[in-house]
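K.L.:
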Amino acid sequence: MTSPTTGTAPGTGPTGTAPTGATPGTGPTGATVPRAARPAATAERVRADYAALKARGLALDLTRGKPSPAQLDLSTGLLDIGAADLGPAGAGADHRNYGGLTGLPELRAIFAEVLRVPVEQLLAVGNSSLALMHDTLVHAVLFGVPGSGRPWGAERTAVLCPVPGYDRHFALCEKFGLEMIPVPMRDDGPDMDEVERLAAADPGVRAIWCVPTYSNPTGAVYGEETARRLAALPAAAPDFRVLWDDAYAVHHLTDEHDAHEAHRTPEAHEEHEAHDQPARPDGATTPTPTPAPAPDILALCAEHGHPDRAFVYGSTSKITFAGAGVAFLGSSPANVEWLTGHLSRRTIGPDKLNQLRHARFLRDAAGLRAHMARHRALLRPRFDLVERVLRERLGGLDGATWSRPRGGYFVSLDVPDGCARRTVQLAAEAGIRLTPAGATFPYGRDPRDRNIRIAPTYPALDELETAMEGLAVCVLLAALERS
Ligand code: PLP
Numbered sequence: 005m006t007s008p009t010t011g012t013a014p015g016t017g018p019t020g021t022a023p024t025g026a027t028p029g030t031g032p033t034g035a036t037v038p039r040a041a042r043p044a045a046t047a048e049r050v051r052a053d054y055a056a057l058k059a060r061g062l063a064l065d066l067t068r069g070k071p072s073p074a075q076l077d078l079s080t081g082l083l084d085i086g087a088a089d090l091g092p093a094g095a096g097a098d099h100r101n102y103g104g105l106t107g108l109p110e111l112r113a114i115f116a117e118v119l120r121v122p123v124e125q126l127l128a129v130g131n132s133s134l135a136l137m138h139d140t141l142v143h144a145v146l147f148g149v150p151g152s153g154r155p156w157g158a159e160r161t162a163v164l165c166p167v168p169g170y171d172r173h174f175a176l177c178e179k180f181g182l183e184m185i186p187v188p189m190r191d192d193g194p195d196m197d198e199v200e201r202l203a204a205a206d207p208g209v210r211a212i213w214c215v216p217t218y219s220n221p222t223g224a225v226y227g228e229e230t231a232r233r234l235a236a237l238p239a240a241a242p243d244f245r246v247l248w249d250d251a252y253a254v255h256h257l258t259d260e261h262d263a264h265e266a267h268r269t270p271e272a273h274e275e276h277e278a279h280d281q282p283a284r285p286d287g288a289t290t291p292t293p294t295p296a297p298a299p300d301i302l303a304l305c306a307e308h309g310h311p312d313r314a315f316v317y318g319s320t321s322k323i324t325f326a327g328a329g330v331a332f333l334g335s336s337p338a339n340v341e342w343l344t345g346h347l348s349r350r351t352i353g354p355d356k357l358n359q360l361r362h363a364r365f366l367r368d369a370a371g372l373r374a375h376m377a378r379h380r381a382l383l384r385p386r387f388d389l390v391e392r393v394l395r396e397r398l399g400g401l402d403g404a405t406w407s408r409p410r411g412g413y414f415v416s417l418d419v420p421d422g423c424a425r426r427t428v429q430l431a432a433e434a435g436i437r438l439t440p441a442g443a444t445f446p447y448g449r450d451p452r453d454r455n456i457r458i459a460p461t462y463p464a465l466d467e468l469e470t471a472m473e474g475l476a477v478c479v480l481l482a483a484l485e486r487s
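Residue numbers (my numbering): 5 to 487.
Next comes the structure, spelled out in structure tokens:
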């Protein structure tokens, strides 16, 4: 896939070394991006713009990556699946009753393909993958993971955290007393030289967080080579784990067909194209893009002699209903046995009616892709807008770089060093809420105080434009104050 980032020098990554908004580059569709529309604004103009912004008394929010109401409406059909469809199904089990600890096989089959986990090794449990990550850590801290038996909580345990990264991963580590070691993020995953160095030297390093597809917040997509190196990693800790959070596995913003598609047989391709796609509320159908799957981390780990190394997570939170979806956890047979052993003490079984509704609604992996194309139609204009405003307003500002993601839910903005906190503060005073500066780093510590995560999915387009224009004014003023 093409690089998701922009920056100040061609060809590198989200840590601030990629092609700039002021330099012609390649957009999400591969189109050339024009030069910045205007030079950096004058000091008086910036101050006047900020005063005018404050005077508007805005109340806008760019904080959390939530689906918009229009996105949620795409899944209203889930609620139309009624009693007639939800009775005894499958092997005659009554889904209204207890049981079925590992989740509904029909639904697991759909996500087994997407998450690249053999269906018998994929659990469908609860409505939140974050909760499953939480549980994995709790079990590891209390009891240790298979192959070791040393509880992570009994001795110093450190987790490698690619930065910028997902604040809730960091919050979990902090809660359970797991030390966090930041590792720079590149366009194709973490700096693997650094990961290898740290993991080989320190037996306390027992895990790494990974968001392999459209990473939160940079949009980086892990390459095969990165995954291979993670799988092969000669870690000093025998119980080293890769926490593979594939939250955005099918959340593409482009309709690019990838190498995966190129390798399909013509017959498979025709069948795929002819798939009976679920109708939109207006009756139209949308062409189905083929997702670029994340590397098959479980197979790679097995191939490199570490079959129990990876835990894979995913959910339908940003596919159907964020509060009423289904979460998935896949791993090796030994890890799955370990997990279900703990899970069986925690619950007598998941909500199989919701799982059945999801299976009926999505139908299969192709139906899922068709559904995601409808999300894309709503999301793409928002990401294009963010890119346009950043390019027009900050394209001439030294030190301002941002990601141009090809999927996922976020844009990662780097402002000039030392300006992120002040920008967020200025924005708050002008009625624009932003994710706190530092949130994308462990312990809230962004060493250069420059990264801001932008979540463009929820606000209406006009509000998003106002918020982005306002944010740009705040960045310019913060930079001016520091100069
Ligand atoms: N993982 C990542 C990388 C996310 O960005 C998010 C939500 O923003 C989640 C997990 C939360 O997933 P869930 O709703 O399944 O708990």
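Every residue, glycine too, gets a C-beta built ideally from N, C-alpha and C.
1) Determine the direct distance from the alpha carbon of phenylalanine 414 to that of histidine 255, and round the result to whole angstroms.
2) Among the residues of its own chain, which have a CB less than 7 Å from the CB of arginine 380, if the five just before and after it don't count?
3) Report all residues from its chain with a CB closer than 7 Å to the CB of leucine 71; omit the five preceding and five following residues, and keep chain order.
4) Quick one: which unbroken beta strand (DSSP E) runs of 3-plus residues sit fully inside the region 336-377? Chain order, please.
5) Taking 8 Å as the threshold (C-beta atoms), are alanine 431 and cysteine 478 in contact?
6) Buried or exposed, going by whether 16 or more other CB atoms sit within 10 Å of the CB of proline 337?
7) Nearer than 7 Å: is that true of the beta carbon of tyrosine 489 relative to any heavy atom of the ligand PLP?
8) Report yes or no: do the region 233-251 and the region 202-215 share at least 3 C-beta pairs separated by less than 8 Å?
9) Going along the chain, which residues of its own chain have a beta-carbon closer than 7 Å to the beta-carbon of glutamine 359, five neighbours each way excluded?
10) Can you tell me whether threonine 405 is helix, strand or coil according to DSSP?
11) Which residues mark the beginning and the end of the beta strand (DSSP E) in which tyrosine 54 is found?
12) According to DSSP, tyrosine 317 sits in a beta bridge with which residue or residues?
13) Helix or strand or just coil, what does DSSP make of threonine 290?
14) Where do the N-terminal and C-terminal ends of the alpha helix (DSSP H) with alanine 135 fall, by residue?
15) On the three-pair Cβ rule with 8 Å, is the region 57-69 touching the region 462-471?
16) Nearest to leucine 237 by CA position, among Tyr252, His310, Leu468 and Pro150, is which residue?
17) Report buried or exposed for tyrosine 102, applying the criterion of at least 16 other Cβ atoms within 10 angstroms of its Cβ.
18) Cβ of serine 407 within 7 Å of any heavy atom in the ligand PLP?
19) Please state whether DSSP places valine 254 in a helix, a strand or coil.
20) Decide if serine 348 is buried, meaning its Cβ has at least 16 other Cβ atoms within 10 Å, or exposed.
21) Could you pull out every unbroken beta strand (DSSP E) segment of at least 3 residues lying fully inside the region 158-185, listed in chain order?
22) Candidates Phe180, Ala205 and Gly223: which alpha carbon is nearest alanine 240's?
23) Can you tell which of Val187, Asp191, Ser132 and Cys177 has the C-alpha that lies nearest to the C-alpha of leucine 202?
24) Nearest to phenylalanine 332 by alpha carbon, out of Asn339, Ile458 and Thr320?
25) For isoleucine 352, is the classification buried or exposed, using 16 other Cβ atoms within 10 angstroms of its Cβ as the cut-off for buried?
26) Measure the beta-carbon distance from alanine 224 to aspartate 191 and round it to whole angstroms, keeping in mind my assumption that it falls under 8 Å.
27) Decide if leucine 83 is buried, meaning its Cβ has at least 16 other Cβ atoms within 10 Å, or exposed.
28) To the nearest angstrom, how far is the alpha carbon of valine 145 from that of glutamate 473?
29) Buried or exposed for glutamate 341, please, with buried defined as at least 16 other CB atoms from any protein chain shown within 10 angstroms of its CB.
30) Between serine 416 and the ligand PLP, is there a pair consisting of the residue's CB and a ligand heavy atom that are separated by less than 7 Å?
31) Less than 7 Å separating the Cβ of serine 133 from some heavy atom of the ligand PLP?
32) Using a Cβ-Cβ cut-off of 7 Å (strictly less than) and excluding sequence neighbours within five positions of aspartate 250, which residues of its own chain qualify?
33) Between isoleucine 185 and valine 149, which are expected to be in contact by the criterion C-beta below 8 Å, what is the C-beta distance as a whole number of angstroms?
34) Should the region 415-426 be regarded as contacting the region 397-404, the criterion being three or more beta carbon pairs within less than 8 Å?
35) Report the option in Arg452, Leu475 and Asp466 whose CA atom is closest to the CA atom of threonine 439.
36) Roughly how many whole angstroms lie between the Cα atoms of isoleucine 85 and glutamate 124?
P.N.:
In terms of the structure at hand:
1) Your numbering for residue 255 matches position 251 in the sequence shown. Your numbering for residue 414 matches position 410 in the sequence shown. Cα to Cα, the separation comes out at about 11 Å.
2) Position 376 of the sequence shown, counted from the start, is the residue given in the question as residue 380. Within the same chain, arginine 380 has close Cβ partners His256 and Leu257.
3) In the sequence shown, counting from the first residue as 1, residue 71 sits at position 67. Reading the sequence as shown, one finds proline at residue 71 and not leucine. The residues are Lys322, Ala326 and Thr461.
4) none
5) Within the sequence shown, the letter at position 474 stands for residue 478. Within the sequence shown, the letter at position 427 stands for residue 431. Yes.
6) As a first step, residue 337 is located in the sequence shown; it is residue number 333 there, counting from the start. Proline 337 should be labelled exposed.
7) Any property of residue 489 remains undetermined from this structure, which presents the chain solely from 5 to 487.
8) yes
9) Counting from one through the sequence shown, the residue named residue 359 turns up at place 355. Here the set comprises Gly107, Leu108, Leu111, Ala128 and Val330.
10) Stepping through the sequence shown from its first residue, residue 405 is reached at position 401. Strand.
11) Residue 54 sits at position 50 when you count from the first residue of the sequence shown. Premise fails: tyrosine 54 lies in the alpha helix (DSSP H), 47-59, not in any beta strand (DSSP E).
12) By 1-based counting over the sequence shown, the position of residue 317 is 313. Answer is Asp249 and Leu333, bridged to tyrosine 317.
13) Residue mapping note: residue 290 aligns to position 286 of the sequence shown, counting from 1. Note that threonine 290 scores 41 on pLDDT, short of 50, meaning its location in the model is unreliable and no value can be drawn from it.
14) In the sequence shown, counting from the first residue as 1, residue 135 sits at position 131. Unbroken alpha helix (DSSP H) run through alanine 135: 133-147.
15) yes
16) The residue given as residue 237 occupies position 233 in the sequence shown. Taking only the C-alpha atoms, the option nearest leucine 237 is His310.
17) One-based indexing of the sequence shown puts residue 102 at position 98. Exposed.
18) One-based indexing of the sequence shown puts residue 407 at position 403. Incorrect: serine 407 has no Cβ contact closer than 7 Å to the ligand PLP.
19) As a working mapping, residue 254 is identified with position 250 in the sequence shown. Three-state DSSP puts valine 254 in coil, outside helix and strand.
20) Against the sequence shown, residue 348 aligns to sequence position 344. Serine 348 should be labelled exposed.
21) 162-167
22) Working through the sequence shown from its first residue, we reach residue 240 at position 236. Closest by alpha carbon: Ala205.
23) Working through the sequence shown from its first residue, we reach residue 202 at position 198. Looking at the Cα atoms, Val187 is the closest of the given residues.
24) The sequence position of residue 332 within the sequence shown is 328, counting from 1. Ranked by Cα distance from phenylalanine 332, the first of Asn339, Ile458 and Thr320 is Thr320.
25) Taking the first residue of the sequence shown as position 1, residue 352 is located at position 348. Looking at its Cβ environment, which holds fewer than 16 other Cβ atoms inside 10 Å, isoleucine 352 is exposed.
26) Numbered from 1 along the sequence shown, position 220 holds the residue referred to as residue 224. Numbered from 1 along the sequence shown, position 187 holds the residue referred to as residue 191. With 8 Å as the limit, alanine 224 and aspartate 191 qualify as a contact, their Cβ atoms being about 5 Å apart.
27) Translated into the one-based positions of the sequence shown, residue 83 becomes position 79. Exposed, because fewer than 16 other Cβ atoms sit within 10 Å of the Cβ of leucine 83.
28) Taking the first residue of the sequence shown as position 1, residue 145 is located at position 141. Taking the first residue of the sequence shown as position 1, residue 473 is located at position 469. So the two alpha carbons sit approximately 45 Å from each other.
29) Here residue 341 refers to the residue found at position 337 of the sequence shown. Its Cβ having fewer than 16 others within 10 Å, glutamate 341 is exposed.
30) By 1-based counting over the sequence shown, the position of residue 416 is 412. Serine 416 Cβ: outside cutoff for every heavy atom of the ligand PLP.
31) Position 129 of the sequence shown, counted from the start, is the residue given in the question as residue 133. Yes, the ligand PLP has a heavy atom inside 7 Å of this Cβ.
32) For the purposes of this step, residue 250 is taken as the residue at position 246 of the sequence shown. So the list reads Leu119, Pro216, Thr217, Ala298, Val316, Tyr317 and Gly318, once near-sequence residues are dropped.
33) Residue mapping note: residue 185 aligns to position 181 of the sequence shown, counting from 1. Residue mapping note: residue 149 aligns to position 145 of the sequence shown, counting from 1. So it is not a contact: roughly 19 Å between Cβ atoms.
34) yes
35) One-based indexing of the sequence shown puts residue 439 at position 435. Checked all of Arg452, Leu475 and Asp466; the closest Cα to threonine 439 is Leu475.
36) In the sequence shown, the residue the question calls residue 85 occupies position 81. In the sequence shown, the residue the question calls residue 124 occupies position 120. Between isoleucine 85 and glutamate 124, the C-alpha separation is close to 26 Å.
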